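Report on the following structure.
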Amino acid sequence: MSVDTLSSGRTRRGFRDLPVPLVVIALAAFIYVTAALATGQANQISLTGLSGLLQRTVALGLVGLGQTFAILVGSIDLSVAALISTVAVLASYLMQGDAGMIVPAILACLVLALVVGVINGGLVACWGINPLIATLSTGLILQGALAAGFTYLGGRVAPEFQALAYQAPFGVPLPVLLLAVLAIVAWFVLAKTRFGAHLYAVGGNPDGAKLAGLRVERFVLAAHVIASLGACVAGLYLAARLQSGTPWIGRDGVYDLESIAIVVIGGTALSGGKGGVLGTLAGVLLFASLDASFNMFGVDAFLKQVLRGAIVIAAVAVYAVRNKGHVA
Amino acid sequence: MHVKSILAATLAVAFSTTAYAQEFNDPAEFKKQRELLSTKAEGPEGKPWEQHLGGAMVDTAKFKKDGKHTICFSNAGVFNPWRVVGLNNMKGEAALQKDRIQELVILDAEGKDDKQISDIQSLLDGGKCDVLIVSPTTTAALTPAVEAACEKLPVIVFDRGVNTKCPVTYIHPVGGYGFGITSAEFIASKLPKGSNVLAIRIVPGVDVLETRYSAAKSIFDEAGINVIGSEFTGSDRAKTKSVVEDYINRGQKIDAIWMDAGDTATAALEAFEDAGLPYPVISGEDQQDFLRKWQKENLVAIAPSYPTYQWRTPIIAALDILDGKSVPGPEWNLPQPAITQETLASYIDERMPALHYSLCGCQDLPGYPEQWGAK
Amino acid sequence: MTAIPDTVRPSRRVSIRGLNFALLIFVVLYAMIAVLQPNYLEAGLFMNFLRRAAPLVILACGQLYVILSGGFDLSMGAVVTLVVLAASMLIGGDPAMTWPVIVALYAMGLAVGLANGAIVAFLKVPSIIATLGTMLLVNGLALAWSGGAPRGDLPDNFRNLGRLVLRDVPLVGTLPVAVIILVGATLLAGWGLHRTAYGKRLLAVGDNPRAAELAGVPVKPTRISAFVVSALAAVTAGILIGGFSGVSVNAGRGLELQAIAACVIGGAQLLGGRGSVAGALFGSLSLFALFTLLNLLGLPQALRDSLQGVILIAAVGASVLRHRRST
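Chains as they are written, first to last, in the working numbering: chain C, 1 to 328; chain L, 329 to 703; chain A, 704 to 1030.
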């Protein structure tokens, strides 16, 4: 099997999946608009309202982009929540409000994410440890190191860095633009490059990819590094938005499970090899619309959980039920 | 290359330990809260949620507004029973004042800083609110959002503060040091020098809890009482009981249990029951189950509080501000009483659920006691 | 059952290795506990150790069924929380209500298990997402029902199931009721998995659902039943936890991941096909011994999390290496 046939196979599959993101986006829009009209808050559909809605997608969207890569190669990353906390805390600790430290702090965080990604990827790809256990463990280790190191948060990011999270050129918040740009890059990598085609091949059929001469381990490793980088950018964004990181910011945001949920809702198969970033963006938009709509309706906090659980299941079931064969 | 970066990250984490160790031990704040504990409250007798301990008043004439008001509240969440009771108190107060309130809009951030910022933003964008009440998830994180809100409408912050003076008032009881002082001084007064106390805590790193421990620790150190352990149990009863059993099994005598929150106090006591040991001196909190156990077993105990009646105050403040009446501020210190042997009986209400906080000040509110989960 | 694919057979051999390894870890960890605190070697303290470990062991046995069928059950912790809160509200402190309510609790568990299983088998939602959904749903329901804080009360006859210790028992001295339930539940789980045709079918489904289907195994009912077993185990664990320490809204938090970790330490292979109840038993005892050890060492909480992570990687990594060598 040549690499070319693999990539063309992937394109066909990608085509068939196109409706899932669109369906999810339509659902999200429907829910949001209905909520706004039903509660008489039409101004939530204005530009400010919508940019507020998009703002809600940023943190989870950034994590989700990275998580998409991990899931596409048939792996998964549960350590993202702990990494987000670590990055956010590290960034505010290193900056201490000093603009001169912005670049070094960002670099340090990226290096940390790289290391975590390599470790995750190494445990999964080279050692063969199940990704759930491997990344659960690295997450525990990070969380522990973090709690041991940072018992209180005197640190804060530089005001100039914080401003980045609150700027809105042409009415669109800068973080939303960041998410859009990174999403385009991720889409380009997956859809238009050899590397992307190989990722799909590795996720869809690792044995076949191996026979075709691909170094499967390297792709799994790379996917984990990208997942960690996604979490890193999310952590930096949160640090900027919140002025300083707290060691529980990732855990309280449930970014690990929620990022997996949005990726799967967006049509990416947990078994790998199928899906893409467009679906992930649709998934995160659905979550954000739900959040905003629950707010408009004033849904009780516990009932929100119930509804969210039901919607996660329903959203995935809507198209999963068409699958042939068995799912576990 | 990788080895280097791992080293760098490790070093960064290691350095931070020393950098942050001192933050929860602020002697000036400790002293201030100790004084506040014995300050006489000003305000209506028997209504501690309307009282204040010293401090100035702020003029609010510029916020005066006619008609019925829409009060907006951005809540950090209802992730523990303390916040559940508190939110009921706030809704009760709003129901009591329903003639003057158009609507009470509550957005729940589910404990997520990021969501709470968006919530505040959407409340401002919605344009309905006449006044904004915020109970922040974290102090630093919410500061920019609160600053943005202050430019548009009067803001009231309570429970946790923010790092800005822009809100009209910041409502809170005496505070974490006060909690630690009340509880530790009681334990120290009941035990001889050299006694052992075990500290049971919820989670590390949370400002409002760390200050409780830091105050208690310094009082124990001063009184020559050994803190034989400081354990985190995440409010989990099974874990609390297990931890206490482990300490009992070590064979060390435990003369007292100090807790930074009382929701698992009865679980800690059960460990002594199961081991066939006498009860220790204990500091819990104002939860019904602890108070009932205290009365039934004749414990030597105290229940300091971080009273949930503080959830009534923001509504009262909001209406006063919109009336243009001056309110205590920019800091509104509420009294922070403790339940003692003398006052114990008056706080017990058999109808209320186990984790009802007795200092809710909610007995006169509409819907009491059913809304608070009474049988 | 002759129609079982051949691939299942070697897995039996491997599962015994899994047992040995987890048993070894447990013995080493418990020995370390005993060095620090020699009285843990007394029968009484060992029984108390088992009493506290009982819920985790039972959860792990239930989780094992789902793991062997090729899935995950993330909703176990939420079911535990629901059970504890529901028991307290429904019983309301009236001892006469204890037994009827326990029946009702198992009915709730059955419903959750059937729902999980049906969502996975018929709607084809991957179990990790399906049970994530039910986790949110069940947890939300439990909290909405109770109003976010515990209500009602648990009478002594309910509490005794997790709390009572029988004294003056021959041979062992003291015997907690929870340990009797632990032994019973483990034997039942072991019998179901290793001594019945159903157990073989379960292994076959997890190993290769397509092959199992071709061999005539009813894949969907088998898969659904695994989720039912898991949910019923969670109900049992919830009763023990509620009994041991009383009502709390946090009763089940994080238990699902502990149960999965325990199975994996016990040699179970995620995504199915290999594992044993003995492995899950000693895997969860190892995990619990580790918690106890870290407690006794008095390490800061933060380091305990990190150590847990390291040990999890080490245990699973070692088993990966052993299997690689054996194949």
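By construction, the Cβ of each residue, glycine as well, lies at the ideal position given by its N, Cα and C atoms.
The structure presented is a predicted model; accordingly, all values stated were derived computationally and were not measured.
Beta carbon proximity, residue i to chain A, threshold 7 Å
| i | result |
| --- | --- |
| Ile129(C) | yes |
| Gly701(L) | yes |
| Leu683(L) | yes |
| Leu83(C) | no |
| Thr345(L) | Reliability of the predicted coordinates at Thr345(L) is poor, the pLDDT of 42 falling under 50, and the value obtained from them is presented with this limitation in mind. It does not; no Cβ of chain A falls within 7 Å. |
| Ser289(C) | no |
| Ala349(L) | Because the pLDDT of Ala349(L) is 42, which lies under 50, any placement of that residue in the model is unreliable, and the number read from its coordinates should be weighed accordingly. No, its Cβ sits nowhere closer than 7 Å to a Cβ of chain A. |
| Val412(L) | yes |
| His224(C) | no |
Contact with chain L by residue i, beta-carbon distance below 7 Å
| i | result |
| --- | --- |
| Gly895(A) | no |
| Pro651(A) | No information on residue 651(A) is available, as it lies outside the stretch 704 to 1030 that chain A covers here. |
| Gly773(A) | no |
| Ile942(A) | no |
| Ala28(C) | no |
| Leu242(C) | yes |
| Pro247(C) | yes |
| Phe749(A) | no |
Secondary structure of residue i, DSSP reduced to three states
| i | result |
| --- | --- |
| Glu559(L) | strand |
| Phe486(L) | strand |
| Val433(L) | strand |
| Leu1024(A) | helix |
| Ala527(L) | strand |
| Ser85(C) | helix |
| Pro501(L) | strand |
| Ser446(L) | helix |
| Asn554(L) | strand |
| Ile461(L) | strand |
| Ile25(C) | helix |
| Trp248(C) | coil |
| Ala702(L) | coil |
| Ile129(C) | coil |
| Arg322(C) | coil |
| Ile509(L) | helix |
| Val806(A) | helix |
is_contact[residue i, chain C] using C-beta, thresh 7 Å
| i | result |
| --- | --- |
| Leu460(L) | no |
| Ser830(A) | yes |
| Ala1005(A) | yes |
| Asp677(L) | no |
| Ile1016(A) | yes |
| Ile822(A) | yes |
| Lys393(L) | no |
| Gly439(L) | yes |
| Ala934(A) | no |
Whether residue i touches residue j by CB criterion (7 Å)
| i | j | result |
| --- | --- | --- |
| Phe560(L) | Arg540(L) | no |
| Ser654(L) | Met418(L) | no |
| Ala929(A) | Val922(A) | no |
| Arg754(A) | Val882(A) | yes |
| Leu190(C) | Gly276(C) | yes |
| Glu513(L) | Ile553(L) | no |
| Pro169(C) | Gln55(C) | no |
| Pro608(L) | Thr510(L) | no |
Assumed close pair residue i, residue j - CB separation to whole angstroms, cut-off 8 Å
| i | j | result |
| --- | --- | --- |
| Ala269(C) | Val24(C) | Contact doesn't hold; Cβ gap of about 15 Å is too wide. |
| Val787(A) | Val950(A) | 6 Å |
| Leu435(L) | Cys457(L) | Actually they do not touch by this definition, with Cβ atoms about 11 Å apart. |
| Gly816(A) | Ser933(A) | 6 Å |
- Message: For a minimum of 4 consecutive residues, which ranges assigned as the alpha helix (DSSP H) are wholly contained in the region 732 to 803 of chain A?
- Response: 746 to 771 and 779 to 794
- Can you list, in chain order, the stretches of the alpha helix (DSSP H) that have 4 or more residues and sit fully within the region 829 to 882 of chain A? 830 to 849 and 859 to 866
- Item | Runs of beta strand (DSSP E) wholly within the region 612 to 689 of chain L (minimum 3 residues, chain order) | 659 to 662
- Query: Taking only runs of the alpha helix (DSSP H) that begin and end inside the region 357 to 444 of chain L, which ones reach a length of at least 4 residues, in chain order?
  - Reply: 409 to 424
- Task: Entirely within the region 32 to 107 of chain C and at least 4 residues each: give me those alpha helix (DSSP H) ranges in chain order.
- Result: 47 to 55, 58 to 72 and 80 to 95
- Item | Within the region 919 to 965 of chain A, ranges of the alpha helix (DSSP H) (whole runs, at least 4 residues) | 922 to 948
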